[in-house]
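In our numbering, the protein residues as written are 10 to 228.
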């Protein structure tokens, strides 16, 4: 049996020797050589298994790390693509909002212009309405004036008709008078010619001459 002695004061502190009495001052460890060897072999086997497990774990960790790194890289690329797509979408949205804002401003300007045009048209319509009202009043006055003129024309036509009738009567009277005068003149001329041919006395001539003159003056 192998005896291992442990003495902290001795050099070396661990040495081998034969067993002593139980009241020995330093601890004595008793080991069987076969047990230590078996334990050492078990430890070596354990270390080998542990090393193999560590290597396998390291490989697994490396593979897992590579897989995670690849997944992380893939996720990063997807995230960057998504960010780019989001940026593109945001830019498109901003552009659309800008276009909408410009269209809204243009529409507001058109509405303002249309409102101004409507106000101008409304003012013109009010002016036209006033003008039409004035024209209506003038037309009413014209109607009254025309009615007055027509009435006066009717009265004038009646007067003219009356004057025409009076003129016709006057013409008839004048014609009758002229006929009478012509007859008297013809009679007087005939008598004068007859008197001149007969050479009457002056007294007879004077009487014959005065008679037709008096008749003419009386007429």
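Backbone N, C-alpha and C define an ideal beta-carbon position, used for all residues, glycine too. Note that the structure is a prediction, hence the values are computed from the model and not measured.
Cut-off 6 Å between Cβ atoms - residues of its own chain near residue i, not counting five sequence neighbours on either side
i, result
"residue 199", "none"
"residue 88", "none"
Own chain residues within Cβ distance below 8 Å of residue i, not counting five before or after
i, result
"residue 146", "none"
Cβ shell of residue i (< 7 Å), same chain only, five flanking positions each side left out
i, result
"residue 194", "none"
Minimum Cβ-Cβ distance from residue i to chain D less than 7 Å
i, result
"residue 176", "You won't find chain D in this structure, because it holds only one protein chain."
Note down, one range per segment and in chain order, each beta strand (DSSP E) of at least 3 residues found wholly within the segment 48 to 130. none
Contained alpha helix (DSSP H) runs [length at least 4] in the segment 187 to 211, N- to C-terminal order: none
3-residue-minimum beta strand (DSSP E) runs that sit fully inside the segment 131 to 193, ordered along the chain: none
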